[in-house]
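Protein chains in written order, with the numbering used here: chain A, 1 to 384; chain R, 385 to 727.
One structure is given below, encoded as structure tokens.
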């Protein structure tokens, strides 16, 4: 077990002052009514204007090289900024995926042209990305994707469909995982490649799918013989699987796996502090213990990423534990309504609580299900 | 890892490897020559005095060094009051009392304590391993000042408590018992907090072992024509153990050196809560995946789970620390939760 350690990383004074700077900026935005704190804001609250503002502050593409418009700051600095944004329920959905994983993926595998044309726009909050992994017939079994890219005289022909692509209707690009060759008999992960697909191309059709909360963020994206140029290929042909695995570590390890509904907890405590002090100190203490531990684990992973390690398994630990924490947290607040009935909660708090309750089933689905996380961990324990 | 610490851990693991096995645990008694040999090796290598001051023949190393050492001793399932001695020696040394040689244990609590003419009377509660030593420390308040007392037990009539059939533990009534030394307690962290920290490190070592035993067992045991480890229902249960364990380990590594941080109480509370929650799950799952064999004396899993049952209740259970942590935060109404967490 000793190989899955989470070394303790202390927050330096520099990081703490960056934290306060971001916090000051956010409270100014809230005071100016630029946004209303939302639950699950990294999925549900997209505001391109706010994203551009963050870009101009230097808080997007933070760790990207300066030559591509980045800020060459550390993964720990990025961690601190994202935590502050999530904890305040800021509208970060528009840029979230581009800043979290797509940019890094392009920097790692992209050509010079891809990097210089796209990365600066991610850093300035002007270029947004969607994830192109799941398909109608491929969810947890990602290697079974059927979307196909075939070589043509000028590049590639893309044929297929991607689904659950959050925010695709607001995005400029999607990184699409597609089959470029057959799987080998021994290895079904062979023959997959990643493509940088410009969503404004002809024959790309994005259709919204309302989710059970009545909101639109889900999409189905159809590629009906879309003609891609040669340089749409991201990384190496046939190496899509190993590329996508690295991307998933970025996707699973961050604080959005346990801070999605923090703004609900925060308001709940501010509202009922005295009542809680009388009869609920223990439930708050328990949530603090779980949350603080998750923060430390996730921060520790940020430092592993900074050191160039590949903490895919550790990311699965954080995602699994974080998903569980959020569900428990909402359930804990629900049980508290025994003491103060829901209808006596202030409207805004009640709305946040209901949003969270409706949205929570998705937290252990998106980014890989609980079952997939447990499978990853079991494999690393030598059980599979 | 610090080089000096790495050497200490290597020395310790050699000693534990040489002496500790399931047979040794069956007979935790002064007469057990193998147990005596184990202790002699531990003491000879100075492992019970690594954070004792140098003027008392200790190594004077940082406090944080004992956490991985204690964790390791219980990963091996060492049936001795190794951590109790380390903690007692530390508190004695910090309070300027030369720790005696040999095993030292502590009383978790003292009731109706009366001290006259360098003799002590009263009821000492929950003393681990009193069958192996006659040296006990007691932390007690005298005129609003916390004192540390090193005393010498002469009572022969010792009746162990049930204590979940884990390591031997005793209550003791003393009358005019000789005090070897008494000094005002000098410790940056409360005795109960240190106890919670020590028990958490012990739990994590034992939980690692319960997980490893479960993985090994399920990888060998065949049913329905395949090993248990190939069943997804089993894989997912064992994954859950690993998740719980990794969270506890992360909480332990956050405590670090108690001399350096001023946030000790929060860190220790979080650790004891996290380890206590994990222990409950790991006890249940490790037994579930082992089937009946894990429920026997002859197989070693139960040694570890019985200790987990005992330790998760020591020095405050989860609810105790959750209440303390929650209160401490809620009472300060000037601070919202995010400010508190990121302070």
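Where is the CB? At the ideal position from N, CA and C, for every residue including glycine.
**Report entry** Length of the line joining the Cα atoms of residue 157 of chain A and residue 180 of chain A
**Finding:** Walking along the first chain from the start, residue 157 of chain A turns up at place 157. Walking along the first chain from the start, residue 180 of chain A turns up at place 180. Whole-angstrom Cα-Cα distance: 10 Å.
**Report entry** Proximity below 8 Å, CB of residue 313 of chain A to CB of residue 4 of chain A
**Finding:** To locate residue 313 of chain A, count along the first chain from 1; it is residue 313. To locate residue 4 of chain A, count along the first chain from 1; it is residue 4. Going by C-beta atoms, residue 313 of chain A is nearer than 8 Å to residue 4 of chain A.
Query raised in the report: List, in order along the chain, the chain A residues whose C-beta lies closer than 7 Å to that of residue 401 of chain R?
Result: Mapped onto the second chain, residue 401 of chain R falls at position 17. Within 7 Å Cβ-Cβ: nothing; residue 401 of chain R doesn't reach chain A, min ~16 Å.
Query raised in the report: Bridge partners of residue 561 of chain R, per DSSP?
Result: Locating residue 561 of chain R in the second chain gives position 177, where the first residue counts as 1. Paired residues: R/504.
Query - Reduced DSSP category for residue 620 of chain R - H, G, I as helix; E, B as strand; rest coil - result: Here the question's residue 620 of chain R lines up with position 236 in the second chain. Residue 620 of chain R falls in the helix class under three-state DSSP.
**Report entry** chain A contacts made by the segment 438-451 of chain R, where a contact means CB separation under 8 Å
**Finding:** none
Requested in this report: Look up residue 567 of chain R in the DSSP assignment and say whether it is helix, strand or coil.
Outcome: By one-based count along the second chain, residue 567 of chain R stands at place 183. Strand.
Query raised in the report: How is residue 384 of chain A classed by DSSP in three states: helix, strand or coil?
Result: On the first chain, position 384 is the one that residue 384 of chain A refers to. It is coil, neither helix nor strand.
**Report entry** C-alpha distance - residue 458 of chain R paired with residue 610 of chain R, whole-angstrom precision
**Finding:** If you number the second chain from 1, residue 458 of chain R lands on position 74. If you number the second chain from 1, residue 610 of chain R lands on position 226. Roughly 32 Å between the two C-alpha positions.
Query raised in the report: Any idea which residues DSSP pairs residue 156 of chain A with across the strands?
Result: Against the first chain, residue 156 of chain A aligns to sequence position 156. Answer is A/151, A/228.
Report task. Starting from residue 293 of chain A, find everything on chain R with Cβ-Cβ shorter than 7 Å and list it in chain order. Result -> For this step, residue 293 of chain A is matched to residue 293 along the first chain. Within chain R, the residues near residue 293 of chain A are 631, 634, 635, 654, 658.
**Report entry** Interface residues of the segment 254-280 of chain A facing chain R [CB-CB below 8 Å]
**Finding:** 262, 265, 266, 269, 270, 273, 276, 277, 280
Query - Interface partners of residue 619 of chain R on chain A, CB under 9 Å - result: Here the question's residue 619 of chain R lines up with position 235 in the second chain. Neighbours of residue 619 of chain R on chain A, chain order: 374, 375, 377, 378, 379, 381, 383, 384.
Query - Cβ-Cβ separation, residue 244 of chain A to residue 133 of chain A (assumed contact under 8 Å), whole Å - result: Your numbering for residue 133 of chain A matches position 133 in the first chain. Your numbering for residue 244 of chain A matches position 244 in the first chain. Rounded, the Cβ-Cβ distance is 7 Å, consistent with contact.
Report task. Name the residue from R/585, R/510, R/720, R/427 whose alpha carbon lies nearest to the alpha carbon of residue 637 of chain R. Result -> Mapped onto the second chain, residue 637 of chain R falls at position 253. When each option's Cα is compared against that of residue 637 of chain R, the closest is R/585.
**Report entry** beta-carbon residue 572 of chain R near the ligand HEM non-hydrogen atom, thresh 7 Å
**Finding:** Absent from the structure shown: the ligand HEM. Ligands present: none.
Requested in this report: Can you tell me which of A/182, A/23, A/326 puts its alpha carbon nearest to the alpha carbon of residue 149 of chain A?
Outcome: One-based indexing of the first chain puts residue 149 of chain A at position 149. The residue with the shortest Cα to Cα distance from residue 149 of chain A is A/182.
Query raised in the report: Would you say the segment 696-705 of chain R touches the segment 575-593 of chain R, given that touching needs at least three Cβ pairs under 8 Å?
Result: yes
Requested in this report: Please confirm if the segment 363-383 of chain A is in contact with the segment 610-630 of chain R, defined as three or more CB-CB distances below 8 Å between the two stretches.
Outcome: yes
**Report entry** C-alpha gap between residue 456 of chain R and residue 571 of chain R, whole angstroms
**Finding:** Within the second chain, numbered from 1, the residue matching residue 456 of chain R stands at position 72. Within the second chain, numbered from 1, the residue matching residue 571 of chain R stands at position 187. Answer to the nearest angstrom: the Cα atoms are 25 Å apart.
Report task. Find the residues of chain A that neighbour residue 713 of chain R, judging by a C-beta separation of less than 7 Å, and give them in chain order. Result -> Taking the first residue of the second chain as 1, we reach residue 713 of chain R at position 329. In chain order: 284, 288.
**Report entry** Chain-ordered chain A contacts of residue 622 of chain R [CB-CB under 8 Å]
**Finding:** On the second chain, position 238 is the one that residue 622 of chain R refers to. Those within 8 Å of residue 622 of chain R in chain A are 378, 381, 383.
Query raised in the report: In the segment 297-343 of chain A, which residue ranges form an unbroken alpha helix (DSSP H) of at least 4 residues, counting only runs that do not cross its ends?
Result: 312-336
Query raised in the report: Which class does residue 134 of chain A belong to by DSSP, given the choice of helix, strand or coil?
Result: Locating residue 134 of chain A in the first chain gives position 134, where the first residue counts as 1. Residue 134 of chain A falls in the coil class under three-state DSSP.
Requested in this report: Under the assumption that residue 51 of chain A contacts residue 94 of chain A (Cβ atoms under 8 Å), give the Cβ distance between them as a whole number of angstroms.
Outcome: On the first chain, residue 51 of chain A is found 51 positions in, with the first residue counted as 1. On the first chain, residue 94 of chain A is found 94 positions in, with the first residue counted as 1. Going by Cβ atoms, the distance from residue 51 of chain A to residue 94 of chain A rounds to 5 Å, so yes, they are a contact pair.
Query - Proximity winner among A/364, A/316, A/230, relative to residue 627 of chain R (alpha-carbon distances) - result: Here residue 627 of chain R refers to the residue found at position 243 when the second chain is read from its first residue. Closest option to residue 627 of chain R, Cα to Cα, is A/316.
Requested in this report: State yes or no: is the C-beta of residue 178 of chain A within less than 8 Å of the C-beta of residue 195 of chain A?
Outcome: In the first chain, counting from the first residue as 1, residue 178 of chain A sits at position 178. In the first chain, counting from the first residue as 1, residue 195 of chain A sits at position 195. It is a contact, given that the beta carbons lie within the stated cut-off.
Query raised in the report: Leaving out the 5 sequence neighbours to the left and right, which residues in its chain are closer than 7 Å to residue 599 of chain R when beta-carbon positions are compared?
Result: Counting from 1 along the second chain, the entry for residue 599 of chain R is found at position 215. Taken in chain order, the residues that qualify are 622.
**Report entry** According to DSSP, residues forming a beta bridge with residue 531 of chain R
**Finding:** On the second chain, position 147 is the one that residue 531 of chain R refers to. BP columns for residue 531 of chain R point to R/524, R/568.
Query raised in the report: With DSSP run on the structure shown, which of helix, strand or coil describes residue 396 of chain R?
Result: Position 12 of the second chain, counted from the first residue, corresponds to residue 396 of chain R. In this structure, residue 396 of chain R counts as helix in the three-state DSSP scheme.
Report task. Select from A/114, A/81, A/91, A/77 the residue whose C-alpha is nearest the C-alpha of residue 30 of chain A. Result -> Along the first chain, read from residue 1 onward, the residue named residue 30 of chain A stands at position 30. Closest option to residue 30 of chain A, Cα to Cα, is A/91.
Query raised in the report: Residue ranges of each alpha helix (DSSP H) run of no fewer than 4 residues wholly in the segment 64-118 of chain A, ordered along the chain?
Result: 75-87, 93-97, 103-109
Report task. Report buried or exposed for residue 115 of chain A, applying the criterion of at least 16 other Cβ atoms within 10 angstroms of its Cβ. Result -> Your numbering for residue 115 of chain A matches position 115 in the first chain. Per the 10 Å Cβ criterion, buried.
Requested in this report: Taking C-beta pairs closer than 8 Å, name the residues in chain A that residue 703 of chain R reaches, listed in chain order.
Outcome: Counting from 1 along the second chain, the entry for residue 703 of chain R is found at position 319. The answer, in chain order, is 282.
Report task. Indicate the three-state DSSP secondary structure (helix, strand or coil) for residue 476 of chain R in the structure shown. Result -> On the second chain, residue 476 of chain R is found 92 positions in, with the first residue counted as 1. Three-state result, residue 476 of chain R: helix.
Query raised in the report: At a cut of 8 Å, does the segment 516-533 of chain R reach the segment 487-495 of chain R through at least three beta carbon pairs?
Result: yes
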